[in-house]
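Just below is one structure, and these are the notes that go with it.
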Amino acid sequence: MGYIAARGGTQAILNAELLVEYMRLHAASDPIGIDQIRDQMRAAVGRAMNEGALYAPNLAALALKQSEGDSIDASFLLRAYRSTLQRVMPTIPARGVDIRCQRRISASFKDIPGGQMLGPSTDYQIRMLNTLLMHESTADVQRILAEYDALIAQHADTDERAGYFPKVVDYMRAEQMVPFVRDDEGAEPFDITRTALTFPCPRSARLQSLAQADTGCLLTYAYSSVRGYGDAHPTLAELRFGALAIAVTHPLTGEPVCIGEIVVTECEIVSKAHSVAHNQERPYFQLGYGFTFGHSEVKAMSMGILDSVLSQAKRNGLSGESGPAANEEFVLLHSDGIEASGFTAHYKLPHYVTFEADLKVLERAVDHVESDALNPHAAHATTAKERL
Amino acid sequence: MRDSVTGILSRSPSTTVCALAAQALSMVSDPSVVVLSGPKVAMVQLRIQESVADTVFNGGEVLVTETRLELNGVFGFGMVIGDQPEYATALAVLDALGRIDGPHRAYMTDAVADLARALTTKHQREFAASNSTKVAFDTF
């Protein structure tokens, strides 16, 4: 056996790429603008940024256009582009309490300081196709914008908070419902882009890994733990969506320099399962943390549930020891959509040599079975080495 | 931090900030700008301090544009989220101008105050819209 060389593939590959472009454009519809994707496909843009681990809405929109809406391919394009950029510095750690909220809800308490705001959400709509969108016009856009202005005029106030609220978990800590736990990892977090994961891994590695994991994968693992392959019983302490100001350190003065805002989703999940942990002096609720770029509530909640489940498993409490979602190595090493899709897709590439070996194994197996059928006594008399 | 000068400048319209930088620079006699690096598109690693155990973790990268320059020998640093070279350079110019005495300082102070008011109004409008979705629960 040896290598099997193939010639003439370059032109075929170029032609294949042309066919992709043809498939996208042959119906002669207007090309989609990057700004249209960025503004009107917010969920897809957010997902591409999350899984590509790069906050860049314009480039995420471009990646979605190039990949024809394939979320994993779009995140792959972003992450590949990311590898060409210089990382100039880390930011000053940002905190969720500084999110300027547009949406903020809690499923644990009906009355939270500052109140609950549904914000931009379709959670409370009936899932019916809106056929009016098939013929959306400029006049429709103007009408919606006018309604928005009227809404603001109706609810205008000069509230200085303008969307800044205390955290529900801080209230829960003050009431001793959740423990005061402080991570002792140190100031420098683990960086999975520089160092390969080993297990058990620090929590910072887990959170970084989950933050860039595939949304569907996190959802599946979290759902498995909630539904029966585990014993998580999550309740949403708080979910917030809004703008988070980001700052870096001034290279001369050392003072914080704000560089703008990014749109994020953050949540804390309360797990009642760990309240029965045997090694605690006082029973507490346990928490899990979720964070995503853009507006990605299901991913943030899935991340929070998994963080809680994995923390419980690591503490070796009574809960969380069962189920695949409680296995940190299994979850973190199989939840990166780009790695998983790349590994799966590579099976489309030529495997002629390995498959030729498989063919030979199959031929020998067939020969063995046929010879057994013809002469069962003789076949059993020979050794495996002789048959080979 | 969000109410700081950079918090206001980095969240205001880029064209307004670029115009502000140009105007302030024109008030300096014999300005000499030497670009040390950039404007270059790069990324910063987003650090998040989460709320469960105060763990600081890397939440991903943020695309930024960075400019470093010297204005009459005074260092200036500008960084802004996104691919915005003019904006980053304007912020670097304003950063340097903030450390140089002259009549431009009063102009900048007034202009930043105007931007702050506009930003507050914008945020209050957004909050008013969100506030219209506030819910009150009744217990039966």
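These protein sequence lines map, in sequence, to chains A and B.
Last residue of the first sequence: 388 in this note's numbering, with the numbers rising by one and none dropped.
Last residue of the second sequence: 1140 in this note's numbering, with the numbers rising by one and none dropped.
From the three backbone atoms N, C-alpha and C, an ideal C-beta is built for every residue, glycine too.
Predicted model only: the values in this text are computed from it and were never measured.
Would the C-beta of S29/A count as close to the ligand NAD, meaning under 7 Å from any of its heavy atoms? In the structure on display, the ligand NAD does not appear, and there are no ligands present to speak of.
Within chain A, the residues that S1010/B reaches when beta carbons sit closer than 7 Å: As a position in the second sequence, residue 1010/B is number 10, starting the count at 1. Near S1010/B (Cβ distances below 7 Å), the residues of chain A are C258, I259, G260.
With three or more beta-carbon pairs closer than 8 Å as the criterion, would you say the stretch 96 to 107 of chain A touches the stretch 65 to 81 of chain A? no
In angstroms with no decimal places, state the Cα-to-Cα distance between R194/A and T265/A. Here residue 194/A refers to the residue found at position 194 of the first sequence. Here residue 265/A refers to the residue found at position 265 of the first sequence. Rounded to the nearest angstrom, the two C-alpha atoms are 26 Å apart.
Nearest-angstrom Cα separation, counted from V168/A out to E21/A: Counted from its first residue, the first sequence places residue 21/A at position 21. Counted from its first residue, the first sequence places residue 168/A at position 168. E21/A and V168/A: Cα-Cα distance of roughly 50 Å.
List the residues of chain B whose Cβ lies closer than 9 Å to the Cβ of R103/A, in chain order. In the first sequence, residue 103/A corresponds to position 103, counting from 1. In chain order: S1130, T1133.
Own chain, CB closer than 7 Å to F109/A, minus 5 neighbours either side, in chain order: In the first sequence, counting from the first residue as 1, residue 109/A sits at position 109. Correct list, in chain order: V168.
Taking 8 Å as the threshold (beta carbon to beta carbon), is S204/A in contact with chain B? Position 204 of the first sequence, counted from the first residue, corresponds to residue 204/A. Output row for S204/A: interface = yes.
Nearest-angstrom Cβ-Cβ length linking L1063/B and V1080/B, presumed shorter than 8 Å: Walking along the second sequence from the start, residue 1063/B turns up at place 63. Walking along the second sequence from the start, residue 1080/B turns up at place 80. With 8 Å as the limit, L1063/B and V1080/B do not qualify as a contact, their Cβ atoms being about 10 Å apart.
CA-CA distance, Y171/A and I112/A? Start at 1 with the first residue of the first sequence, and residue 171/A comes out as number 171. Start at 1 with the first residue of the first sequence, and residue 112/A comes out as number 112. Each residue's Cα considered, the two are about 9 Å apart.
So, at 6 Å on beta carbons, what are the nonlocal neighbours of E370/A in its own chain, with the 5 sequence-adjacent residues on each side left out? Translated into the one-based positions of the first sequence, residue 370/A becomes position 370. There are no such residues.
Beta strand (DSSP E) runs wholly inside the stretch 89 to 117 of chain A, at least 3 long, in chain order: 99 to 105
Give me, in chain order, the residues of the same chain whose beta-carbon lies closer than 8 Å to that of Y229/A; leave out the 5 immediate sequence neighbours on both sides. By 1-based counting over the first sequence, the position of residue 229/A is 229. For Y229/A, where only same-chain residues beyond five positions count, the Cβ hits under 8 Å are S322, G323, P324, A325.
Is L64/A helix, strand or coil by DSSP? Counting from 1 along the first sequence, the entry for residue 64/A is found at position 64. The answer is helix: DSSP assigns L64/A an H, G or I state.
What's the gap between the Cα of L349/A and the Cα of D336/A? Taking the first sequence and counting its residues from 1, one reaches residue 349/A at position 349. Taking the first sequence and counting its residues from 1, one reaches residue 336/A at position 336. Cα to Cα, L349/A sits roughly 21 Å from D336/A.
Quick one: grab the DSSP three-state call for Y55/A. As a working mapping, residue 55/A is identified with position 55 in the first sequence. DSSP places Y55/A in strand when its eight states are reduced to three.
What do you get for M23/A, buried or exposed, if any count of 16 or more other CB atoms within 10 angstroms of its CB means buried? In the first sequence, counting from the first residue as 1, residue 23/A sits at position 23. The residue is exposed, with fewer than 16 neighbouring Cβ atoms inside 10 Å.
One question on the structure: do S83/A and R103/A come within less than 8 Å of each other, judged by their Cβ atoms? Taking the first residue of the first sequence as position 1, residue 83/A is located at position 83. Taking the first residue of the first sequence as position 1, residue 103/A is located at position 103. It is not a contact, given that the beta carbons lie outside the stated cut-off.
Is I1081/B helix, strand or coil by DSSP? Taking the second sequence and counting its residues from 1, the one referred to as residue 1081/B is at position 81. In this structure, I1081/B counts as strand in the three-state DSSP scheme.
Quick one: residues in its chain with C-beta nearer than 6 Å to the C-beta of L1020/B, no 5 flanking neighbours on either side, listed in chain order? Your numbering for residue 1020/B matches position 20 in the second sequence. If we look at L1020/B and ignore the five residues flanking it on each side, its Cβ neighbours are A1111.
Identify which residue in T220/A, G288/A, H295/A, A196/A has its Cα closest to the Cα of S243/A. As a working note, residue 243/A is residue 243 in the first sequence. Note that residue 243/A corresponds to Ala in the displayed sequence, not to Ser. Nearest of T220/A, G288/A, H295/A, A196/A to A243/A, Cα basis: H295/A.
So V1093/B contacts chain A; which residues on that side make the cut at Cβ distance below 9 Å? The residue you call residue 1093/B lines up with position 93 of the second sequence. Chain A residues near V1093/B: none, gap ~14 Å exceeds 9 Å.
With the cut-off set at 8 Å, would you say E1066/B and G1038/B are in Cβ contact? Indexing the second sequence from 1 puts residue 1066/B at position 66. Indexing the second sequence from 1 puts residue 1038/B at position 38. Contact: yes.
Taking DSSP's pairing of strands, which residues face F1075/B in a bridge? Residue numbering aside, residue 1075/B sits at position 75 when the second sequence is read from its first letter. Bridge partners of F1075/B: E1070/B.
Looking at the structure shown, is A243/A part of a helix, part of a strand, or coil, going by DSSP? Position 243 of the first sequence, counting from 1, holds the residue named residue 243/A. Strand at A243/A.
Kindly list, in the order they appear in chain B, the residues whose Cβ is closer than 8 Å to that of T91/A. One-based indexing of the first sequence puts residue 91/A at position 91. The contacting residues are V1044, Q1045, L1046, R1047, V1062.
Under the DSSP definition of a beta bridge, which residues are partnered with V270/A? Taking the first residue of the first sequence as 1, we reach residue 270/A at position 270. Answer by DSSP bridge pairing, in chain order: T235/A, L287/A.
Strictly below 9 Å CB to CB, what residues from chain B border L54/A? Within the first sequence, the letter at position 54 stands for residue 54/A. M1043, G1060, E1061, V1062, L1063, listed in chain order.
Any beta-carbon of chain A closer than 8 Å to the one on Q1029/B? Taking the first residue of the second sequence as 1, we reach residue 1029/B at position 29. What sits at residue 1029/B in the sequence shown is Ser, not Gln. No, its Cβ sits nowhere closer than 8 Å to a Cβ of chain A.
Our contact map puts R1011/B next to G260/A with C-beta atoms below 8 Å; I'd like the distance itself, whole angstroms only. Here residue 1011/B is taken as the residue at index 11 of the second sequence, counted from 1. Here residue 260/A is taken as the residue at index 260 of the first sequence, counted from 1. Sure, about 6 Å apart at Cβ, within 8 Å.
Taking just the CA atoms, how far does S204/A sit from Q1049/B? Within the second sequence, numbered from 1, the residue matching residue 1049/B stands at position 49. Within the first sequence, numbered from 1, the residue matching residue 204/A stands at position 204. The straight-line gap from Cα to Cα measures roughly 10 Å.
Tell me, please, which residues DSSP counts as bridged to M1043/B. Along the second sequence, one-based indexing puts residue 1043/B at 43. Beta-bridge pairing links M1043/B to R87/A, L1063/B.
Pull up the DSSP beta-bridge partners for S1037/B, would you. Position 37 of the second sequence, counted from the start, is the residue given in the question as residue 1037/B. Answer is R1068/B.
Chain A contact for G1102/B (CB, 8 Å cutoff): Counted from its first residue, the second sequence places residue 1102/B at position 102. Cβ-Cβ to chain A under 8 Å: no for G1102/B.
Three-state secondary structure (DSSP) of T131/A: Reading the first sequence from its first residue, position 131 is the one you call residue 131/A. The answer is helix: DSSP assigns T131/A an H, G or I state.
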